[in-house]
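Accompanying notes for the structure given below.
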Amino acid sequence: MSDEEWITVGRKEKRKSSKSSSKKAGSSSSSPPPPPPSVALVTSTPKIINTEPFNANLQTMYYEIRKEIKENEKKMYDCSNINLVNYLIRRNDSLSEQQMMLLKQPQQIDSLQLICKKIDDMEQHLRKLRISKIKELDIWPGNRTQIEQAEFKDQLIVKYECGHPNQHTIKCMVLNAYFNRDVVRASHIWKYCTQGIGLTEFGLRYNDLNCYRNGLLMYTSIEQAFDRKELCFIYDPFQAKLILKILHKGDDGLMNSMILDKNDLKLYKNYTQFKDIDGKSLSLPKNVYPFRRLLNWHARCAHEYAKTKKWISTSDNFDDFYDLSDLVSLPGDDLNEEDII
143 MSDEEWITVG RKEKRKSSKS SSKKAGSSSS SPPPPPPSVA LVTSTPKIIN
193 TEPFNANLQT MYYEIRKEIK ENEKKMYDCS NINLVNYLIR RNDSLSEQQM
243 MLLKQPQQID SLQLICKKID DMEQHLRKLR ISKIKELDIW PGNRTQIEQA
293 EFKDQLIVKY ECGHPNQHTI KCMVLNAYFN RDVVRASHIW KYCTQGIGLT
343 EFGLRYNDLN CYRNGLLMYT SIEQAFDRKE LCFIYDPFQA KLILKILHKG
393 DDGLMNSMIL DKNDLKLYKN YTQFKDIDGK SLSLPKNVYP FRRLLNWHAR
443 CAHEYAKTKK WISTSDNFDD FYDLSDLVSL PGDDLNEEDI I
């Protein structure tokens, strides 16, 4: 009903009220006239739905609104001011709408809670998949390639300048000494058996697997220790060089072992032990580098493995150097370390 209609109804009520004023004076105990039927309809309290799901705050708000509606209805019975009556009617209409909105909130909250739970479940599932993926990125030791790729080895010899100018020997980049081609291995940092899977996690491509920067030329026993995570390469910012770090120390470790096998010891008279290369820098031409982000990742995996083997203390760490490759982070940096381990 429009405001004009309410005003008309109010005026009629006012005239009725003035005509019967003498009767009211003589009979003070009589009840005031009821409001028009439409008033009761408009200001009636909406049907209460089950309020069980309401939390305490919603319940308080709901019953405060309900109380105000009842008080306004009582005022309308006693009121002869048409403007005030119209205001109370509009106020009750607004309060009734608020009540209805409050009654709908539990269903909306339930729906939102269900959606949030589904999102949480999905995040947990994705987190588990991501942790599993991170663990899979520890690809050392991989299946060792028995037959080297001659083309890959030749590429390393040229790019790292490891060929002897006068002899058919090549240089081990750790020992910085020349040996026959068959005992210096062209080792893939990111193992060849992976077929390049996982390289994209480091901002690389599948075909970077056979890039010279994914390789090092190392004497056989050093390459094997690298694959077994008994040693790794870390970065020394003071020297601006990659440094070899032996992790498998102790009585059963590498330190006192000879690097060359018996036949090569006789041939080359090189009696270098592993302890002699601990802290030794990797021999590299100027401004030519392997993928340092991959060496950084190998060093992380090797340190964690060494801790589980109790080769090193749990406090033995190193400074990451993936930023030398313009990386923002390494895989798993957004996860808790204990989750990955």
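In this note's numbering, the protein residues as written are 143 to 483.
All C-beta atoms in this analysis are idealised placements derived from N, C-alpha and C, irrespective of residue type, glycine included.
Legend entry - Residue burial classification, Ile521 (beta-carbon count within 10 angstroms, cutoff 16): Only positions 143 to 483 of the chain appear in this structure, which leaves residue 521 out of reach.
Inset, instruction - Let me know the secondary structure DSSP gives Lys387 once reduced to three states. - result: strand
Legend entry - Which residues DSSP lists as bridging Asn322, in chain order: Thr311
Legend entry - The alpha helix (DSSP H) enclosing Leu407, as first and last residue numbers: 404-410
Legend entry - Residue interval of the beta strand (DSSP E) (run including Ile376): 373-378
Inset, instruction - Could you pull the start and end residues of the beta strand (DSSP E) that Leu359 belongs to? - result: 357-361
Legend entry - Option nearest Asn405 by Cα separation, candidates Ala448, Lys216, Phe321, Cys335: Phe321
Inset, instruction - Flag this pair as touching only if the region 209-221 and the region 230-241 have three or more C-beta atom pairs under 8 Å; answer yes or no. - result: yes
Legend entry - Residue from Glu372, Asp350, Leu426 with nearest C-alpha to Trp332: Asp350
Inset, instruction - Go to Pro438, then tell me how far its alpha helix (DSSP H) extends in each direction, as first and last residue. - result: Just to set this straight, residue 438 is Asn in the shown sequence, not Pro. Counting along the chain, the alpha helix (DSSP H) containing Asn438 begins and ends at 434-450.
Legend entry - Top-ranked residue by Cα proximity to Leu437, from Leu402, Glu293, Asp369, Asp475: Asp369
Legend entry - Contact under 8 Å by Cβ, Met315 with Leu359: yes
Inset, instruction - Examine the Cβ distances between the region 375-391 and the region 417-426 and report whether three or more of them are shorter than 8 Å. - result: yes
Inset, instruction - With DSSP collapsed to three states, give me the class of Arg306. - result: As written in the sequence, residue 306 is His, which differs from the Arg given in the question. Of the three classes helix, strand and coil, the one that applies to His306 here is coil, per DSSP.
Inset, instruction - Tell me Met400's beta-bridge partners as DSSP assigns them. - result: Gln415
Inset, instruction - Within the same chain, show all residues whose beta-carbon is closer than 6 Å to that of Tyr431, passing over the 5 residues directly before and after it, in chain order. - result: none
Inset, instruction - Let me know if Gln266 comes out buried or exposed under the rule of 16 or more other beta-carbons within 10 Å of its beta-carbon. - result: exposed
Legend entry - Selection from Tyr464, Glu290, Phe463, Tyr447 that minimises the alpha carbon distance to Thr456: Tyr447
Legend entry - Bridge partner(s) assigned by DSSP for Ala328: Leu359
Inset, instruction - Can you grab the Cα-Cα spacing for the pair His445 / Cys258, in whole Å? - result: 38 Å
Inset, instruction - For the alpha helix (DSSP H) containing Ala292, list its first residue and its last residue. - result: 292-301
Inset, instruction - Under 8 Å by Cβ, that's how I've got Ser329 and Gly305 pegged, so tell me the actual separation to the nearest angstrom. - result: At roughly 17 Å, the Cβ-Cβ gap does not stay under 8 Å, so Ser329 and Gly305 are not in contact.
Legend entry - Phe380 classed as buried or exposed, judged by whether at least 16 other C-beta atoms fall within 10 angstroms: exposed
Legend entry - Cα-Cα separation between Glu513 and Asn459, rounded to whole angstroms: As displayed, the chain neither begins before 143 nor continues past 483, which places residue 513 out of reach and without an answer.
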